[in-house]
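Going down the list, the sequences are from chains A and B. Each residue of the first sequence is one higher than the last, beginning at 1 in the working numbering. Each residue of the second sequence is one higher than the last, beginning at 1 in the working numbering. Inspection log for the structure reproduced underneath, given as C-alpha cells.
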Amino acid sequence: MVFAAALAAGCVYDYGVGKDFPHLEKSLIVIEGDIIAGGISEVRVSATSKMETTRSASTKAEDYVLHEPLCQVWVESAEGEVWPGKDTTYVWGFENYFDRRLLRISYTVDTRDLPVDGEYRLCVSYPDRGEYRSKFKKVLKAPQVESFDFVFAPDTSYINVMLTSRGDNDGARFCRIEYEEWWENRPPLMPNVILYPYDYELYILSQPYKDSLYKCFDKFASQKILLEDTRNMSENVVKDKIVTTLYKQQRRVNRLYSITLFQTPLDKEGYDYYKALKSNSEEMGGLYSPYPSEMVGNVFSETFPDEVVIGYVNVCTRGEKRIFLDGGKLGLFNWRKCLEMETVEKKYWRTTYDDRGMRPYDYLRKLEGEDYVIDFDRAYWGSKDCFDVSRCYEKPDFWPR
Amino acid sequence: MKRILFFCMMVLLAAQTDAAGQKVVHRNIGLDSLMKVMQGFCQGQVYYVPGANAASLNYTVDVSSPGVIDRIVGLLGKSGYTVSHYEGDVYVLQGIGLKEGLPAEYFKFPVQQEKDQLLLGTLKGTVNEASGGDKVYQIGDKDNVKRGERVYLSGYVRNYRTGEPVVGVTLYDNASKAIAESDQHGFYRIMLPVGDVELNVAGFSLEETILKLNVYNDDLLDVIVKEKVFALNEVVVTSEDYNKVKSVSMGVENLRISAIRKVPVVLGEADVVKVLLTLPGVKSVGEASNGFNVRGGAVDQNLVLFNGGTVYNPSHMFGLFSGFNPDVISDVELYKSSIPVNYGGRISSVLDVNTRQGNNKKVIASLSAGALTTKGHIEGPIGKKTTFIAGGRTTYSDWLLNLLPKDSEYKMGTASFYDITAGLTHNFNDKHSIHFNGYYSSDQFKFRVNTKYAYENMNGSVKWRSNFNTKHSMELVAGYDSYNYLTSDWTNEVKAYEMAFDISQVYGRLKMKYMPVSGHSITYGADFVSYGLMPGSYLPVGEGSLVIPEIMADETAKEGAVYVGDNWAVNDRLSVDYGVRYSMFKSNKFYSAPEIRLSGRYFINERLSVKAGFNSMRQYIHMLSNTVAVSPTDTWKLSDKDIAPQKGWQMAAGAYTNVLDDKVELSVEAYYKRMDNYLDFKSGSTLVMNSNVAEDVVGVKGKAYGLELMASKPLGKLNGWASYTWSRTRLKEVGDRGTSAINRGEWYNAAYDKPHELKIVANYKFTHRVILSVNLDYATGRPATVPVARYDYNDAVRLYYTLRNSHRIPDYFRTDIALNLEPTHRLKAFTHFSFTVGVYNATGRKNAYSIYYEGSATDVHGYKLSVFAAPIPYMNFNFRF
C-alpha cells in the first residue's frame, strides 16, 4: 500500500459529484447528540439532502438556509421521567466573504441532574414524520483525564496536543475524543478603516476601536472522528494520544490559543457506529479501502418502524479539560510574514483612500513591536478575518483576558 | 579435396590476370581477405569461422596461375583450417572439418558406442529418439504385430538444444484423429493404429515436424524438437492454438514464458499474472491489484499452483508484480472452464505454473536488471542424470519512495521483497524420475517508521514419476505449503503490538494415467490435504506495551478427494471428457459432495469444431476480505459448522475454427456460472482477530455469464491476438436481514463486473532481433459504491451509502508499447544480451482506479485516484551466459 500510495501521491484529481448518482426517494432523518449526564446535552435534528446539493455555488440567499422544521426534543428515563429540551438557533458557516448565513437549529436538554444509575433515551418529535426514539442505554462513565497538554517537538517545529486518560478496567473500553479550539486573532496593526464584506466599501472607524475589529476570536471544532479501543489492553488507559498537532506559523497560534477536550465513553455498539462513520468519511478511495458501509445506529422511528434513521445516541458522562497556549509569547507566529496573505487586494475595493480624501497611513496605527512593511496597494490593514465581522466570534466567556 | 575443387569454379583455370596480362598476387592478406578471394573461385557460399589466431594470420597467394584453390586449401591447412563442403557450400573450419559419414571402423569400438549411448539415454530418457526428416521409425517389434488393434506410443518431448522437456507440444495423426499433448514433464502418450502413420508434431515456435512411423506394437519414443531458427516466439497463445480446434477441453489458456516476456507490462517486469489479464475472461479490479478474477469468480476462488504447491498470496509489492520469477518458469496453464478432474478445491479456476527442469547439456545463467528489480538464475546438469535450476529476485524500490515530497507521510516508508525458486530433477532411468521443488518469497513494507507489514510464502514438494509401461503411468507428490503475514505497530508505547496470521498445509497427491483400450484415456487418483490455520495472534511489543497477549485457537481440517475421468474418442468426430471427483472435508463438521466434469468436442470439419462442457466444484477455504481489492493482510478461514463450503458450477459452449490457411484462429465461447455460499461481510465487521467471524459474515450467491470472442494469429511478421468479452457478474445476499442486507437484499454488481472488454496484443518483427509490441486494453469502468445522500454530522458533511456498486468509475483505456531487442542467435556467443525499452500507459491517460467522496465543513468533494496517471517509461537489461 505504501508504494501504491507513493505512486498515488500525485495522482488524485478532482471528480465531480455525478448528477446521475442514485438518490433516496425520501430524505432520512439524522439525529446527532449524546445524553450527557451531569452536563448540557446538545442535540441536532436534520435530514439528508441530495448529493448535488451545494452551498457555495448558488447565489440565492435562500439556498443557504436549511428549512428545518422545529422539533420537540426530550430525554426520557426508563421509569418515564422526562427532561425537556429547548431549541436554540445560531449562525453557521462563513468560510469567506461570499458565504451567506446558514440557519441551523439545535436543541439543548439540561441533564445536569441526570442520575448516573438510570437508563435513558432521547426522544424527538418531528413534524409530519412522527416520533423517533433512541434505545434505552445505561450511563457510561467517562475515563479520568490524567493529562492533556502541549508537547513540543525537539526542534519546536510542531506541537502535539496529547492526552492520557484512565478508566475503570471493567468500565467502557471504547471512547470517542472531540475537541474545540478557540484562538485570538490580533494583528500588530490596528485598523482605522475596514472593508465591509457585503458592499466592499471602506468604512472609517471612530476611536476608540471596537475590540473585536482588531482583536477577534475564531474557533474550530474537530471534524475527524477520533476513537480509542482498549479492549486488548491490560489497563483501560489511553496514553500519549495525539489529539491534534499545531505548527509554527499556523494562524491559530498567533496569540492566545485554547483547546478543550471532550472524551466520551462508548460501548461496542457505539464504537462500531463511529468506526463505520469514520471509515465512510475519512478512509475511502485507497487501494485497500473497505466498502462503504451503511450506518446502523440506535435511533428508530416509532411511527414507521422500518424507516432508516441516521444517528447514534450515547448516554454517558463526559470528560472535559481545557488548556491554553500563548503563541504570541512563544513567538510561534510572525505577523510580518502573513500580512499579504491576510489582506484584500486593492482592486476589489469599491472606494479608495483618495475617494475619501485620506492618506493611507493616516489610518494605520502601529500598536506594538517593530516596523512592519505594508503595501498599501495590495495590503489592507491587518487580518482579513478581523474585518469579517461574520467570522469574528465574540470573546468566549472563559477567555482569560 | 576433389569434391571441393568440383564445387569451386575453375572456369578461369584458376588463373586471374589483370587487364595488362600481368601476374596477380595477393600479398600479406588476412583470413577475411583470403576468404573473399576464395569466394571468387567458388559457385557456392563460402562459410568460415575465424579462430582465436585469425587476426595474426597473413597469406600471400598467386591467383594468376592454375591451382588457386589447391594453394588456398594448402595455406589454410598450414594455419590449422580444414576446408569441407556440404550441399554446395564451402565450410572453412578450424581443426577437423565437416564429417560426411561415420568412420568405417566406428562400430568396432563398442566402449565408445556404449558411452555415447549412455549420453543419449540421459538426453532422451528412452530407448529411441525421433527428430523428423525422411527417416522412417519403427515402432514396436516387427515380429509381434498387433494387427487390427491400436498401439501405445509414449515418451518425452525434449528440446534439441537444452535437452529439457517441452510442455504443450501437440502430437496428432490426421488419419486416425489421434491426438495427445505433452504434459508439464514433456511426457506424452498417444494411441496409434498399426501400420504407416504420419505423426504431426507441432508447438509454439517449434519447427513443425512430421514423424514417419511404421507402427507394429507398443513402444517408447522420445521426440526431439527444434526451435525455429528465427523463432517467432513473441506469440503468447502457444500450442493451445494448434489444438484449440482439436482438443476436447475448452477455456484453457497456455502461456510459454518466452511469450510472456514480450508483452509490455508496468515497469517492464515480465509478469505471469499481468499477461493473464490480457486474455479474455480474466480481469482484476484495477491496476496494481492483488489477484485476478476469472469468469466472474472471486480472487480466492482461483487455485494458484506453483509446481503443484498452493501459493496463497502470489504477488509482490501490493500486486505490482506477481510472485513468480520469469527466469525459471517454463509454462503457465489457466483453466477457466474445463477444469481437469485431478484439480479441485476452488470453484472458479486453476492456474498451474511450472518451473523448468534445467538445461541438461551445460550450465547457463542469466542476470537482469530493471527499474525496480534485479533477478538472476542458474541451471545445468549435475552428472548425467540430474539437472538443477535456481533463481532469485529482489527489489531496490526504496529510491522511489525517497522521491516523495518531504512532507509526505510515506517518505520514511520502505518496501522490499525477494523470492527464491529452486528445483532438482533426477532421472533414474527411462521410467522413473524424481523432482524436488522449493519456493520462498518474502515481502516487507512500512508505512511509517514505527510500523511493519510483512508476509511470506513457502512451498516445498517432492514428486515421483513412473511410467510403468506404455499404458500406465503414475505421479506421486508430497509437499508442504505455508503462508503467513505479520503486522506490527509501535508508534504508541502502550499499544505497541504485533499481529500474525499463518496457514500451512501438508498434502499428498496421487495421479494415475491409464490407456486401457483404444479411444480411452483414463485419469484417476486421490488427493489429501491437511490444513493447519492459526487465525491470529496479537502480542505486545516492548516492555511498556499494555496489550494483552491473545492467540486465537488453531483451526485444523482434512480435505480429501478421489477422482476418475476418461477421455473417450467416441469416433473420428466426437470426443468426450467425463469424470467425477468426490471431495470430502472434515473440520468440526464433515462435508462431502461429488463434483462433475463433463466436456465434449465435435468436429464439423477439419477446421471447425464445437464444444460444450459442464463443471461443478467445491471450495472449503475462504478468504476474509472486505476491501475492494485484495489486501496483503487478508486472512483465510476454513469451512466449519457455521461456514459452509462454497459451491459453484459452470456450463460453457464454444466454436473454434482456423481460417486463412490456418494462419488465423477464431473462437467464441459462452458461459454461465453460479456460485453459492460466497462470503460477504456485515457493515463494520472486524475480520482480523475475530473468534466469532461467522457472526460477521453473510452468505452471498452469485451468477456470472458472458461471451468471449478471440482471434489470434500466432505466426508471421505481424502476430498477436485480439479478444472481446461481454460479461456480467452479479451477487445477492442470501438470508433475511431486511433493510440491513447488502444492497437491501437485491442483486448487485461484483466489484470486478466490467461488461465490455477489448484487449489487443500485437507484435511486429522488424528483423529477427527487433520486435515492437503493443498492448491495448479497454474496459468498462468497474462498479463503485457512491453516496446517495449527504447530511451534517459532527460539524462536517457526511455521506450516506446504501446501494452497493450501483455506479461505475470512468471507462478504462491503456496503451503500452515496448521495443524488444532479442539476444544474438550466435550459439557460440559467450553472452547473450537482450534489452527492452517501453512505455506503460503510453497515452498517459489518467485512468481511474477509484472515485471517492469526502465531506468538508460545508461541501462534498469528489476525487479520482489514478495509480498510473502518466506514461511510465522503463528499460530492462538481460544477460545470459
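C-beta atoms are modelled at their ideal positions from N, C-alpha and C, and glycine is treated no differently. Since this is a predicted model, take the numbers as computed values, not measurements.
Does the CB of residue i have a neighbour CB from chain B at under 9 Å?
| i | result |
| --- | --- |
| K252(A) | A quick correction: the sequence has Arg, not Lys, at residue 252(A). Taking Cβ atoms only, chain B never reaches closer than 9 Å to R252(A), which makes this a no. |
| N280(A) | yes |
| D451(A) | This structure leaves residue 451(A) out entirely; chain A is present only between 1 and 401. |
| G285(A) | yes |
| E320(A) | no |
| Y13(A) | yes |
| I310(A) | yes |
| P400(A) | no |
| T59(A) | Here the model assigns T59(A) a pLDDT of 41, short of 50, so the residue's position is not dependable, and the following value carries that caveat. False, the Cβ-Cβ gap to chain B never drops below 9 Å. |
| K50(A) | yes |
| F133(A) | Checking the sequence, you will find Arg at residue 133(A) rather than Phe. Not an interface residue. |
| Q223(A) | yes |
So that I know if they touch, is there some Cβ in chain A lying closer than 9 Å to that of residue i?
| i | result |
| --- | --- |
| A271(B) | Correcting the residue identity first, residue 271(B) is Asp in this sequence and not Ala. No, its Cβ sits nowhere closer than 9 Å to a Cβ of chain A. |
| L120(B) | Note on L120(B): pLDDT 35, under 50, position unreliable in the model; the coordinate value appears next. With 9 Å as the cut-off, L120(B) does not count as an interface residue toward chain A. |
| V580(B) | no |
| A857(B) | yes |
| N841(B) | no |
| Y764(B) | no |
| I389(B) | no |
| T523(B) | no |
| V860(B) | yes |
Give the residues of chain B in contact with residue i, contact being defined as C-beta atoms less than 8 Å apart.
| i | result |
| --- | --- |
| Y257(A) | Near Y257(A) there are no residues of chain B at all, since even the closest Cβ is about 19 Å away, more than 8 Å. |
Which residues in the same chain have their Cβ closer than 6 Å to the Cβ of residue i, if we skip the five residues on either side of it in sequence?
| i | result |
| --- | --- |
| F324(B) | V272, V353 |
| E550(B) | Y538 |
| W649(B) | S616, R674 |
| P396(A) | W182 |
| M51(A) | V17, F21 |
Below 7 Å on C-beta distance, what does residue i contact in chain A?
| i | result |
| --- | --- |
| T785(B) | Y291, P292 |
| V695(B) | At residue 695(B) the sequence reads Glu, which differs from the Val that was named. Ordered by position in chain A, no residue passes the 7 Å Cβ test against E695(B), which lies about 12 Å from the chain. |
| V547(B) | N232, M233 |
Spatial neighbours of residue i within its chain, please: CB distance less than 7 Å, with the 5 preceding and 5 following residues excluded, ordered by chain position.
| i | result |
| --- | --- |
| S49(A) | S27 |
Hey, could you find the ends of the beta strand (DSSP E) residue i is sitting in?
| i | result |
| --- | --- |
| L372(B) | Per DSSP, L372(B) belongs to no beta strand (DSSP E) and is neither H nor E. |
| R318(A) | Careful: R318(A) lies outside any beta strand (DSSP E) and carries neither H nor E. |
| S727(B) | 718–733 |
| Y132(A) | 130–134 |
Hey, could you find the ends of the alpha helix (DSSP H) residue i is sitting in?
| i | result |
| --- | --- |
| Y764(B) | Element bounds for Y764(B): not the alpha helix (DSSP H) but the beta strand (DSSP E), 756–765. |
| M35(B) | 31–40 |
| S433(B) | S433(B) -> not in any alpha helix (DSSP H); beta strand (DSSP E) instead, spanning 432–446. |
| E302(A) | Unbroken run through E302(A): none, as it is neither H nor E. |
| A276(A) | 268–282 |
Which chain B residues sit within Cβ distance under 9 Å of residue i?
| i | result |
| --- | --- |
| K219(A) | Here the premise fails: no neighbours, minimum Cβ distance about 10 Å. |
| P22(A) | V786, V788, T802, L803, S806, H807 |
| L277(A) | Y793, N794, R798 |
Strictly below 7 Å CB to CB, what residues from chain B border residue i?
| i | result |
| --- | --- |
| N298(A) | Chain B residues near N298(A): none, gap ~13 Å exceeds 7 Å. |
List the residues of chain A whose Cβ lies closer than 9 Å to the Cβ of residue i, in chain order.
| i | result |
| --- | --- |
| I420(B) | Within chain A, no residue comes near I420(B); the closest Cβ sits about 21 Å away, beyond 9 Å. |
Could you list which residues in chain A have their beta carbon closer than 8 Å to that of residue i, in chain order?
| i | result |
| --- | --- |
| T739(B) | D306, V308 |
| K864(B) | V12, Y13, D14, Y15 |
Take residue i and list the residues in its own chain whose beta-carbon comes closer than 8 Å to its own, dropping the five residues that flank it on each side.
| i | result |
| --- | --- |
| V166(B) | V157, R158, N159, S182, G186, G203, L206, V225 |
| K495(B) | D489, S545, L546, V547 |
Would the C-beta of residue i count as close to the ligand SAH, meaning under 8 Å from any of its heavy atoms?
| i | result |
| --- | --- |
| G613(B) | Although the ligand SAH was asked about, the structure shown includes no ligands whatsoever. |
May I have a chain-ordered list of the alpha helix (DSSP H) segments no shorter than 4 residues that lie completely inside the stretch 260–299 of chain B?
272–276
I'd like the ranges of any beta strand (DSSP E) spanning at least 3 consecutive residues and lying wholly in the stretch 500–573 of chain B.
520–540, 555–569
Please give the ranges of any beta strand (DSSP E) in the stretch 648–720 of chain B, keeping only runs that are unbroken, at least 3 residues long and fully inside the region.
664–681, 697–713
Runs of beta strand (DSSP E) lying entirely within the stretch 158–197 of chain B, each at least 3 residues, in chain order:
170–173, 178–181, 187–193
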